[in-house]
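According to numbering that gives the first Met the number 0, the first sequence is numbered sequentially starting from 0.
A short worksheet on the structure shown next.
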Amino acid sequence: MSSFFDRVYEVVCRVPPGRVTTYGDVSRVLTGTARSARSVGWALHGLPPDRVDEVPWWRVINSKGRVSTSCQEHSASEQQARLMDEGVEFGLDDRVDLDRFGWDGE
DNA sequence: CTTCTGACTGGGA
DNA sequence: GTCCCAGCCAGAA
């Protein structure tokens with residue numbers, strides 16, 4: 000309980016639809032610094048199948064406003080499509096405007 | 001215990 | 001604007 004992974008999932012669950020957050024932001028909420036952003040990404044990478052339907056991993060992107068998934072099962076195209084379906088606008092460069100859709104933690 | 005990897009970030013070219 | 005390099009954290013072998 001209260002493992003780093005579980006916390007990541009919890010924070011991601013708090014992200015409302017139509018909004019996106021960055022790994023560094025989540026890391027900051029958990030550890031207070033954006034240094035563990037890598038662990039956050041790894042946590043989502045090891046996201047259990049039973050949490051996939053519960054945790055909106057697709058709402059988590061990098062600070063560049065782009066999708067960083069290396070997971071072929073969860074390709075960037077799919078993540079992009081999911082965000083678009085929620086109302087998130089993607090630029091012609093497949094980039095998201097964090098200034099508008101960036102979730103600052105409510 | 002040590003070692004490595006990874007869905008990141010920031011700064012420099 | 002984009003691309004490349006080095007640094008940090010957490011977990012698994």
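The C-beta atom is built at its ideal place from N, Cα and C for all residues, glycine as well.
Quick caveat: nothing in here was measured; it's all calculated off a predicted structure.
DSSP, read as helix, strand or coil, puts Gly-101 in strand. The alpha-carbon of Asp-103 is positioned some 8 Å away from that of Asp-24. Residue environment: Arg-18 is assigned as buried (16 or more neighbouring CB atoms within 10 Å of its CB, all protein chains considered).
A straight-line Cα-Cα distance of about 31 Å links Phe-4 and Asp-92. Across the structure, Met-0 and Met-83 are spaced so that their CA atoms are roughly 33 Å apart.
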